[in-house]
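Chemist: One structure is given below, represented as structure tokens, and several questions about it will come after.
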Amino acid sequence: MQKEDFSLSEEYEKCCVAAGPECGAVATFTGLVRQFEVSTSVSGLHLEHYPGMTEKSMENIVAKARNRWSLQHVRVVHRIGVLEAGSQIVLVIVASSHRPDAFAACEYIMDFLKTEAVFWKKEIRSDGEIWIKSTSHDYERRDGWAGEPSATVKRW
156 MQKEDFSLSE EYEKCCVAAG PECGAVATFT GLVRQFEVST SVSGLHLEHY PGMTEKSMEN
216 IVAKARNRWS LQHVRVVHRI GVLEAGSQIV LVIVASSHRP DAFAACEYIM DFLKTEAVFW
276 KKEIRSDGEI WIKSTSHDYE RRDGWAGEPS ATVKRW
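Using my numbering, read the sequence shown as starting at 156 and increasing by one per residue.
Dropping the structure here:
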């Protein structure tokens, strides 16, 4: 958890070093604060967390990904506080020997962060502020990971 922004290039560099010479693929996902939601303008997002509990929930998600795929390195950076539209919120970076494992693990981690990580999110909109929850689509994506791990399962 951090309030300050992160550098994708710096995190990528650290990942490659940590992954070592057996690394053949690095997959990344960077989430941003959207400026528009349905029919209203969003000027920012306020993210709150429960210290200790949030980090533990994120560690559990990463541990599950490590159990499913062969990974050399995983890094998740999640920001908290008030973020303006267009700001970076989250970074998931995954290194593996092979592309399918890196892609699948990156997507898996993000799908579980959306539904299982302990965060509270409030959109700051032109028509007021509203707490937002995970959507049914978020839960469908998460539930799509049930069963045997496979890096080549056709996703959405």
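From the three backbone atoms N, C-alpha and C, an ideal C-beta is built for every residue, glycine too.
None of the values given here were measured: they were computed from a predicted structure.
#1: Identify, in the order they occur along the chain, each residue of the same chain with its Cβ nearer than 6 Å to the Cβ of E284, setting aside the five sequence neighbours on each side.
#2: Just curious, the alpha helix (DSSP H) that I264 is in, first and last residue?
#3: By DSSP, does I235 sit in helix, in strand, or in coil?
#4: Would V249 be called buried (16 or more neighbouring beta carbons within 10 Å of its own) or exposed?
#5: For F191, does the count of other Cβ atoms within 10 angstroms reach 16, so buried, or fall short, so exposed?
#6: Please report the Cβ distance between L246 and T183, rounded to the nearest whole angstrom; I am assuming they are in contact, meaning their Cβ atoms lie under 8 Å.
#7: In or out: A174 buried (at least 16 other Cβ within 10 Å) or exposed?
#8: Return the CA-CA distance between I216 and T270, expressed in angstroms with no decimal places.
#9: In angstroms with no decimal places, state the Cα-to-Cα distance between V197 and D293.
Modeler: For this structure:
#1: Here residue 284 is taken as the residue at index 129 of the sequence shown, counted from 1. Counting only Cβ-Cβ distances below 6 Å, and skipping sequence neighbours, we find K277.
#2: To locate residue 264, count along the sequence shown from 1; it is residue 109. That run of the alpha helix (DSSP H) goes 254-271.
#3: By one-based count along the sequence shown, residue 235 stands at place 80. Coil.
#4: As a first step, residue 249 is located in the sequence shown; it is residue number 94 there, counting from the start. Result: buried.
#5: The sequence position of residue 191 within the sequence shown is 36, counting from 1. Its Cβ having fewer than 16 others within 10 Å, F191 is exposed.
#6: Within the sequence shown, numbered from 1, the residue matching residue 246 stands at position 91. Within the sequence shown, numbered from 1, the residue matching residue 183 stands at position 28. Correct: roughly 7 Å between the Cβ atoms.
#7: Counting from one through the sequence shown, the residue named residue 174 turns up at place 19. It is buried - the Cβ of A174 has at least 16 other Cβ atoms within 10 Å.
#8: What you label residue 216 is simply residue 61 of the sequence shown in a count that begins at 1. What you label residue 270 is simply residue 115 of the sequence shown in a count that begins at 1. Straight-line Cα distance between these residues: approximately 11 Å.
#9: One-based indexing of the sequence shown puts residue 197 at position 42. One-based indexing of the sequence shown puts residue 293 at position 138. Using only the alpha carbons, I get a separation of about 20 Å.
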